Structure formats: structure tokens, C-alpha cells
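Engineer: There's a structure below that I have some questions on.
There are 2 protein chains.
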Amino acid sequence: MTQSNQSQILGVLGGGQLGRMLIQSAINYNQDVYILDPDENAPCKDIAQKFTQGSLKDFDTVMAFGKECDVITVEIENVNTDALQALADMGKKVFPQPHILKLIQDKREQKQFYKENGIPTAEFMLTENKEEVLAKKDFLPAVNKLGKEGYDGRGVQILKSEEDLENAFDAPGLLEKLVDFDREIAVTVARNERGELVAYPSVECAFHPTANLVEFLFAPAQISPEIEEMAQQIAKAVILKLDMIGILAVELFVTKEGKVLVNEIAPRPHNSGHHTIEANFTSQFEQHLRSVMNWPLGDPGLRTPAAMVNLLGEEGHTGPVLVEGKDEALAEKGVYIHMYGKKLTKPFRKMGHVTVLDENVETLKKRAQRIKDLIKIKSTT
Amino acid sequence: MTQSNQSQILGVLGGGQLGRMLIQSAINYNQDVYILDPDENAPCKDIAQKFTQGSLKDFDTVMAFGKECDVITVEIENVNTDALQALADMGKKVFPQPHILKLIQDKREQKQFYKENGIPTAEFMLTENKEEVLAKKDFLPAVNKLGKEGYDGRGVQILKSEEDLENAFDAPGLLEKLVDFDREIAVTVARNERGELVAYPSVECAFHPTANLVEFLFAPAQISPEIEEMAQQIAKAVILKLDMIGILAVELFVTKEGKVLVNEIAPRPHNSGHHTIEANFTSQFEQHLRSVMNWPLGDPGLRTPAAMVNLLGEEGHTGPVLVEGKDEALAEKGVYIHMYGKKLTKPFRKMGHVTVLDENVETLKKRAQRIKDLIKIKSTT
Chain X
1 MTQSNQSQIL GVLGGGQLGR MLIQSAINYN QDVYILDPDE NAPCKDIAQK FTQGSLKDFD
61 TVMAFGKECD VITVEIENVN TDALQALADM GKKVFPQPHI LKLIQDKREQ KQFYKENGIP
121 TAEFMLTENK EEVLAKKDFL PAVNKLGKEG YDGRGVQILK SEEDLENAFD APGLLEKLVD
181 FDREIAVTVA RNERGELVAY PSVECAFHPT ANLVEFLFAP AQISPEIEEM AQQIAKAVIL
241 KLDMIGILAV ELFVTKEGKV LVNEIAPRPH NSGHHTIEAN FTSQFEQHLR SVMNWPLGDP
301 GLRTPAAMVN LLGEEGHTGP VLVEGKDEAL AEKGVYIHMY GKKLTKPFRK MGHVTVLDEN
361 VETLKKRAQR IKDLIKIKST T
Chain E
1 MTQSNQSQIL GVLGGGQLGR MLIQSAINYN QDVYILDPDE NAPCKDIAQK FTQGSLKDFD
61 TVMAFGKECD VITVEIENVN TDALQALADM GKKVFPQPHI LKLIQDKREQ KQFYKENGIP
121 TAEFMLTENK EEVLAKKDFL PAVNKLGKEG YDGRGVQILK SEEDLENAFD APGLLEKLVD
181 FDREIAVTVA RNERGELVAY PSVECAFHPT ANLVEFLFAP AQISPEIEEM AQQIAKAVIL
241 KLDMIGILAV ELFVTKEGKV LVNEIAPRPH NSGHHTIEAN FTSQFEQHLR SVMNWPLGDP
301 GLRTPAAMVN LLGEEGHTGP VLVEGKDEAL AEKGVYIHMY GKKLTKPFRK MGHVTVLDEN
361 VETLKKRAQR IKDLIKIKST T
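Protein chains in written order, with the UniProt record's numbering: chain X, 1 to 381; chain E, 1 to 381.
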């Protein structure tokens, strides 16, 4: 018989919406969560057991924070991995493990990892500077990615033809063959120290045409059982090859020829899993908690088909938040609004999301579009 | 088009588990919640935007707290209603309205309200003292209830025969004919200022044999469509006759003759609605928020049949909490644990609850019993 007096402290580097939704799950288990975030108004501030304002990139700050915790995790990859390694060496549980965060921080290492481990991914070439990109014009059309510091579409650009080459990044990066994909899907996998491994059903992602952010997500993905099986196997292979503990979002391309290629991965709760809060038996946030705390993993199955709509700050609006259309949306059956507690909006800032449940997959697409047209995040000034 | 900048403060009198689960819902809407509770370690303390330690019964304390809020609600009935009335007179929104709380605080007034409004309820007689009860031996078997201060089974006893009469309460109370019921059910209704009114499907309650607390709850109740319709209509009639805004739990007896009688009511989220967090389209906590904030009400429909098990402190255990069997329970599909953040356990204290989802209603009963046998709330000392 297991016993638990819930005395372990979980520390999270980052106090944004992902940490906030993690805390919402942790409350159900009396699981204390400490948060470190540079923003004094971070979304987690009011609901964490302890909130520390400080840099995630500063060695001493992360060390001091981590020493107060028993288990340490992240909701953002861009953190000081040397401090995390030092904490792990002290005996703290750090999940995902620091070497995995280090790998994720460099897209060049990530791609090489796929190659070395037989994980299918788009063909690529490493480039050290702009000059090297310019020399690769035969490789176009391609995606040019910075090795480091890319996030939410920053540090990523498409180079279609020779004219685009003048925008090439002049820093270590890579060129990746532009994949002529049929659709983009994502599979979330989770693994704990007991060796349990679960995979969520694939979801389908629709990106914003210009902002390079997920705009809509649909679960389940409209793919064949064979593609689904391939996607699940690839996602499981990635977390196993990484030997990772925690939750991992694997974004995949399904090509027109029916191949499945890894695009990017995120070793934390991810935008592509937000619908799981209402749509699946176990939400990705609870699964993250279960995996890093080494509790039994939960069933990842889908209860009800769902769409997810990101609520991005409207263009032309910067300042205190004004939400338009909330009431109309709330009046609909199976509509779930999640606001992230951010005091200020700015164009394309992720301010919240909405999940729509509907047994009818076709209806879901229309309803998601209507919700997007209805709810607008503006500023009061 | 409605607009909302979420600047209204919601104040809650009481910071126990009901307030805690209300805050978990409020987080999704950036809805700030202030809490007043006499216990410095109340379950809401760490997650409320503002926590004030103070008496719920003291006029000045409630006034000072309420003045900081725009909308004021309760998670317990035993509060200073004079202060709430004064706040309402100042223009604050107070839901449920103070006169309703006053009515609920006195079981004698409650019963007379049913009688005057044609709400079916068990036959009763008012008694002023023990002597009056002794004179009513022809009315036995009966339930003897104290008019005031009863809660969770306190102030309620069954007088079966003349020998029991010596235990009669010697204070203003009532005698209620013991109902030979087939089952006990509950219907939750909610109403907002827009005049919207929704009713949840009936649930079936199984009480602890000695502690007079709900031990198990099953949704939906195993009753005929006719009984279901009667129960829904009665619950709606109660909230309408009360002219109440907020959420109201109506506990009902279904008699062996197929009558439906109101037993007790609670104008707040209630133990009989805990399963709604996972089992229904809109949880009772979100519905409470929607009703008192005058947002559109949510669909009350059941998504999946469910059982709810209260986690009560084990007999013989008083002190810091030790949870046994959590891991085994978590390994099951569709099991949701909610711990209430209470630092100390004592016999029969409500420490948490578990919801079990299962499409098979028969399986649910077995699984609920297994969860109850598995998870034990003990003390570390």
C-alpha cells in the first residue's frame, strides 16, 4: 500500500499560462508548487504556494530557487541548464533532465539527434553564418532556422527563392528542406521513473497564416489508422531515445506521400495539448504532474472530440485587457474559456484559449471559427 | 457585443473546500476572488487573490470585508445576514440574497416556507422545547431537528419510539414524520439575474450509516422519467419561490409510493454536485460563478455517468494528513482525486473526494466501493 503525505515541493521554472494550468491540476492533490519567473505579474503569481521573481537564466537565482524544492520542472525551455545539472547532481529530481533541455535549446543539436537515432525528420544542412546559407541556393525552398533563441515563430523563416536569401540568418543555424505536407499533427507522450509510457491520440494543428502560432487545433486528427500508428510510434521513440522523464509534445508533418516526419518537440505541456483539460481522461497538465512526481500515469484517451482556439491579442491593441464576446461564447454548450491572467495584451500575445466539445467533427470546425470571430482580446485604452 | 474587463471582485464568506473549488473555476476567467474565513489555514488561503482571517458571524468583520468586493457570495450558510443585508442596501450584489440565508439558518422557517408555497415535504410540527416533543409521542417515528445551528448531521436525530424521547432537543425545533423512502436524490438548480434557470439531472445519494454524511453519490439517479421530471419541477419551484439568484442544491426523498418530497436545501455548491467537475458539461462551481456574476448559465447535462466518494478522515486518526492508497487509485482510468488542502485530519472530517467516470452504471457502484476501501485518510502521528 502506497502512502503519501504530500510533503514534496514541486518547483517550476517559468510562471506563465503553462505553469498556471499545472497549478490548477496540482491543487487537486494538495501538491505545493513554487514558481520562479522574471515577471512580477506572472500568471502564476497569485496561485503558487511561493512565487519568486527572478531570472531563469541566472545560475545563482536558479540554484537558490531549486534548493528549496524536491522536484524541479520547467514550463519553458530557455533556462539555465548548468544550474539544473548542478541541482540534479545534488540529488534533486530534475525533469525533463538538464541534458534534454540543452538539446532542445539548440535546433542544430536537435536535428542531429533525430538523424543519429533514426527518427524521421526533414532533410537538413547545418550553416554557420549567412555566407554559408547563400552558398546553398540549390537546397531551396527551405526553412532557415536559428540554432538558438527561437520561440513561437521567432528565429524561423522560409526561404523560397534566391531573392529571399538576403534575409538569411547570419548566425549558427540550419536549412531544412521545405516539406510539402498534407497536414500538421502533434502527439503528446509522457513517461515516468517507473518506466510507464503513454501516448495521446494525434491532434491536428492549423497555424495562423502570418504569426506562425497555432490558431486552431482539432482532436482527433483526421488521419488514417496507419498514419496514427506511425505518429504514435515515432513520438514514443523520441521520448525513449531521449530517455526523458516528463511530458513531451511531438509536432509532426504528414507528407503528401504519407510519410510522418518530426518537425519540432517541446519537453513540457504544450499548446497542442490544451484541449486535454476537458476533452481527455487525463489533462496534459495533470499528466505532467504525474510524470515528474513519479505517480502512475493517467489514461490519455479522448472522451469527446474537441477543437481548441487560441485567444491572441488583437493587432493594434496594447494595454490593459478588454475581452469582447465572452458572454455570447459562454452561452454555447460545451465551450470552455481559459484566460491566462495576463494584465496586459499586445498583438499576437497568447492571452487565453477556448476549448469546444462536440461529438460532430464537422460541426467542430465551424464552431471553432465562430468562437474565433466572436471573442476578441482588445485593450481598454 | 458584450465587453468585459473582469474588474469586479467576487467576495466569498467561507474559505473551505467549496470556496477552493470555486476558485479553481474562477482562475479560468481571471476572476479575482477574495476570501473571508476564521481559520488561518483555510483551504482557500494560498489560492485566493486576497485572504482575510476573520469571523463570518461578526457584523463589523463581514461589513469591512464586503465593502472591498462588488459581488458577495457564501460557501456556508452560517454567516452574519444583517451585515449582508446592509451590504445589499449599499448596492453590493449579494447572492444568495440575505433573506434566503436567514431562512436557511432556521429549519423551522424553512419547513413553513415549503408549506406556504405548496412545495411537497414531509409532514411536521414545530416544537419549542423538550416538553413539547414529549407530548407528541403519537407523531413517532419522527426526525427531531433543532431549528438553528444544525450542520452535517449535527442537530438532527431520529426518535423511533417512546424510549428515544428522553434525547429530544430542549430548544426550538421541529418534529418531522420519518419518511419511509425508497431512495434519496438531489437536484441542483441555478438562476441568474437575467432570469435564466437550469436544473441538473438528479443524482442519487447514499449516506454513511452512522455519520449522517453523504458517503457515495451516483449520477444519474436510477429513477423513472416521471420521478425525474417531478424532481426537476420541484427543485425549479423552490428556487423560483425563493426568488433566489445563485446555485441551490435540493435534497429530495423519493417515497415507496412514488412521491417526491423536499428534505433539505443548500443555497450554495453542495456535496451532491461534486461529480459535476468531470461528469457534466458545466461544473456546479462554474455554474455558481456564472449565476452570481450574471454570466450566461452553462449546460447542466451529464457527459458521462459518475460516482462520487467522499474521503472522510478515518476514525482514530487526528493530526497531520497521511493519504493511503492514492497511487493505486490513480492508476485506474477515469478516477479523479480532489484533496481539499486541509492540514489536519480528524474522524469524519471531509478531507477530499474522488469522482469515478464509467459508462457502465453497474460497474460504477463496484468501483466506488473499491475506491472507498482503497483510499484512507490517516494521520502521520
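Quick reminder that beta carbons are idealized off the backbone N, C-alpha and C, glycines included. Please read all numbers here as calculations on a predicted model, not as lab measurements.
Need the endpoints of the alpha helix (DSSP H) that VAL79 (chain E) sits in, please.
Structural biologist: Position 79 of the second sequence holds residue 79 (chain E). From DSSP, VAL79 (chain E) is part of no alpha helix (DSSP H); its letter is neither H nor E.
Engineer: Span of the beta strand (DSSP E) holding ALA206 (chain E)?
Structural biologist: For the purposes of this step, residue 206 (chain E) is identified with residue 206 of the second sequence, where counting begins at 1. Run containing ALA206 (chain E): 203-207, per the beta strand (DSSP E) assignment.
Engineer: Counting only Cβ pairs nearer than 9 Å, list the residues of chain X close to LYS333 (chain E).
Structural biologist: Translated into positions along the second sequence, residue 333 (chain E) becomes position 333. The answer, in chain order, is PHE281, THR282, GLY298, ASP299 and GLY301.
Engineer: How would you label ALA135 (chain X), buried or exposed, when you count the other beta carbons within 10 angstroms and need 16 or more for buried?
Structural biologist: As a first step, residue 135 (chain X) must be located in the first sequence, where it is residue number 135. The residue is exposed, with fewer than 16 neighbouring Cβ atoms inside 10 Å.
Engineer: Verify the CB distance criterion: does GLN232 (chain E) have a CB-CB separation below 8 Å to chain X?
Structural biologist: Taking the first residue of the second sequence as 1, we reach residue 232 (chain E) at position 232. Answer no: the Cβ-Cβ gap between GLN232 (chain E) and chain X never drops below 8 Å.
Engineer: Give the range of the alpha helix (DSSP H) segment to which GLY66 (chain X) is assigned.
Structural biologist: As a working mapping, residue 66 (chain X) is identified with position 66 in the first sequence. It spans 59-67 - the alpha helix (DSSP H) in which GLY66 (chain X) sits, taken as one unbroken run.
Engineer: Count the other CB atoms within 10 Å of the CB of THR345 (chain X); is the residue buried (16 or more) or exposed (fewer)?
Structural biologist: If you number the first sequence from 1, residue 345 (chain X) lands on position 345. With 16 or more other Cβ atoms within 10 Å, it is buried.
Engineer: On the criterion of 16 or more Cβ atoms from any shown chain inside 10 Å, does GLU257 (chain X) qualify as buried, or is it exposed?
Structural biologist: The count along the first sequence starts at 1 and reaches residue 257 (chain X) at position 257. It counts as exposed.
Engineer: Using a Cβ-Cβ cut-off of less than 7 Å, list which residues of the stretch 336-356 of chain E approach chain A; keep chain order.
Structural biologist: Checking the listed chains, one finds no chain A in this structure; the protein chains it contains are X and E.
Engineer: Are the Cβ atoms of LEU140 (chain E) and ALA171 (chain E) separated by less than 8 Å?
Structural biologist: If you number the second sequence from 1, residue 140 (chain E) lands on position 140. If you number the second sequence from 1, residue 171 (chain E) lands on position 171. No, the Cβ-Cβ distance between LEU140 (chain E) and ALA171 (chain E) is not below 8 Å.
Engineer: Expressed to the nearest angstrom, what Euclidean distance is found between the alpha-carbon atoms of SER379 (chain X) and GLY319 (chain X)?
Structural biologist: What you label residue 379 (chain X) is simply residue 379 of the first sequence in a count that begins at 1. What you label residue 319 (chain X) is simply residue 319 of the first sequence in a count that begins at 1. About 5 Å.
Engineer: Tell me LEU252 (chain E)'s beta-bridge partners as DSSP assigns them.
Structural biologist: Along the second sequence, read from residue 1 onward, the residue named residue 252 (chain E) stands at position 252. Bridge partners of LEU252 (chain E): E:ILE185 and E:VAL262.
Engineer: What residues from the stretch 303-322 of chain E come within 9 Å of chain X, judged by C-beta to C-beta, listed N to C?
Structural biologist: Cβ contacts with chain X come from ARG303, THR304, PRO320, VAL321 and LEU322.
Engineer: Does the distance from the CB of SER272 (chain E) to the CB of ALA249 (chain E) come in under 8 Å?
Structural biologist: If you number the second sequence from 1, residue 272 (chain E) lands on position 272. If you number the second sequence from 1, residue 249 (chain E) lands on position 249. Result yes, Cβ atoms of SER272 (chain E) and ALA249 (chain E) sit closer than 8 Å.
Engineer: Could you tell me whether the stretch 204-216 of chain E touches the stretch 288-297 of chain E, where touching means 3 or more Cβ pairs closer than 8 Å?
Structural biologist: The stretch 204-216 of chain E vs the stretch 288-297 of chain E: no contact.
Engineer: Work out the CA separation of PRO96 (chain E) and THR121 (chain E) for me, nearest whole Å.
Structural biologist: One-based indexing of the second sequence puts residue 121 (chain E) at position 121. One-based indexing of the second sequence puts residue 96 (chain E) at position 96. Those two C-alpha atoms are separated by around 22 Å.
Engineer: Taking the beta strand (DSSP E) that SER379 (chain X) falls in, what are its first and last residues?
Structural biologist: Locating residue 379 (chain X) in the first sequence gives position 379, where the first residue counts as 1. First-last of the beta strand (DSSP E) with SER379 (chain X): 376-379.
Engineer: Which residue marks the beginning of the beta strand (DSSP E) containing GLN284 (chain X), and which one marks its end?
Structural biologist: For the purposes of this step, residue 284 (chain X) is taken as the residue at position 284 of the first sequence. From DSSP, GLN284 (chain X) is part of no beta strand (DSSP E) but of the alpha helix (DSSP H) over 284-292.
Engineer: Considering only C-alpha positions, which residue in the set E:HIS353, E:TYR340, E:ASP82 and E:GLU286 is nearest to ALA307 (chain E)?
Structural biologist: Position 307 of the second sequence, counted from the start, is the residue given in the question as residue 307 (chain E). The residue with the shortest Cα to Cα distance from ALA307 (chain E) is E:HIS353.
Engineer: Comparing the C-beta of TYR29 (chain X) with each C-beta of chain E, is any distance below 8 Å?
Structural biologist: Numbered from 1 along the first sequence, position 29 holds the residue referred to as residue 29 (chain X). Closer than 8 Å to some Cβ of chain E, the Cβ of TYR29 (chain X) qualifies, so yes.
Engineer: Name the chain E residues that come within less than 7 Å of VAL46 (chain X), Cβ to Cβ?
Structural biologist: Translated into the one-based positions of the first sequence, residue 46 (chain X) becomes position 46. The sequence as given places Asp at residue 46 (chain X); Val does not occur at that position. GLN49, listed in chain order.
Engineer: Pull up the CB-CB distance for GLY19 (chain X) and GLU75 (chain X), whole angstroms please, since I reckon it's below 8 Å.
Structural biologist: Here the question's residue 19 (chain X) lines up with position 19 in the first sequence. Here the question's residue 75 (chain X) lines up with position 75 in the first sequence. Correct: roughly 4 Å between the Cβ atoms.
Engineer: Which residue or residues does DSSP assign as beta-bridge partners of HIS338 (chain E)?
Structural biologist: For the purposes of this step, residue 338 (chain E) is taken as residue 338 along the second sequence, with counting starting at 1. Its beta-bridge partners are E:HIS353.
Engineer: So what does DSSP say about TYR200 (chain X), is it helix, strand or coil?
Structural biologist: As a first step, residue 200 (chain X) must be located in the first sequence, where it is residue number 200. In this structure, TYR200 (chain X) counts as coil in the three-state DSSP scheme.
Engineer: Among the candidates X:LYS241, X:ALA331 and X:PHE218, whose CA atom is the shortest distance from the CA of GLU362 (chain X)?
Structural biologist: The count along the first sequence starts at 1 and reaches residue 362 (chain X) at position 362. Ranking X:LYS241, X:ALA331 and X:PHE218 by Cα distance to GLU362 (chain X) puts X:PHE218 first.
Engineer: Would you identify the three-state DSSP class for MET308 (chain X), choosing helix, strand or coil?
Structural biologist: Reading the first sequence from its first residue, position 308 is the one you call residue 308 (chain X). Strand at MET308 (chain X).
Engineer: Going by C-alpha to C-alpha distance, which of X:PHE348, X:HIS317, X:LYS342 and X:PHE281 sits closest to ASN310 (chain X)?
Structural biologist: Taking the first residue of the first sequence as 1, we reach residue 310 (chain X) at position 310. If we check each option's Cα against that of ASN310 (chain X), X:PHE348 comes out closest.
Engineer: Three or more C-beta pairs under 8 Å: does that hold for the stretch 97-104 of chain X against the stretch 253-267 of chain X?
Structural biologist: These segments touch.
Engineer: Kindly list, in the order they appear in chain E, the residues whose Cβ is closer than 7 Å to that of GLN24 (chain X).
Structural biologist: Taking the first sequence and counting its residues from 1, the one referred to as residue 24 (chain X) is at position 24. Ordered by position in chain E, the residues that pass the 7 Å Cβ test against GLN24 (chain X) are GLN24 and ILE27.
Engineer: In three-state terms, what does DSSP make of ASP164 (chain X)?
Structural biologist: Locating residue 164 (chain X) in the first sequence gives position 164, where the first residue counts as 1. Reduced to three states, the DSSP call for ASP164 (chain X) is helix.
Engineer: Between LEU18 (chain E) and chain X, is there a C-beta pair that is closer than 8 Å?
Structural biologist: Working through the second sequence from its first residue, we reach residue 18 (chain E) at position 18. With 8 Å as the cut-off, LEU18 (chain E) does not count as an interface residue toward chain X.
Engineer: Looking at chain X, which residues of the stretch 241-254 of chain E have a Cβ within less than 8 Å of any of its Cβ atoms?
Structural biologist: The stretch 241-254 of chain E vs chain X, Cβ under 8 Å: nothing.
Engineer: Per DSSP, which one or two residues make a beta bridge with MET125 (chain X)?
Structural biologist: Here residue 125 (chain X) refers to the residue found at position 125 when the first sequence is read from its first residue. DSSP output for MET125 (chain X) lists X:LEU175 as bridge partner(s).
Engineer: Does residue 385 (chain E) come within less than 8 Å of chain X when only Cβ atoms are used?
Structural biologist: The shown model of chain E, from 1 to 381, leaves out residue 385 (chain E), and the question about it has no answer.
Engineer: Could you check whether the Cβ of LEU84 (chain E) sits closer than 8 Å to any Cβ belonging to chain X?
Structural biologist: Taking the first residue of the second sequence as position 1, residue 84 (chain E) is located at position 84. No - not a single Cβ of chain X is within 8 Å of the one on LEU84 (chain E).
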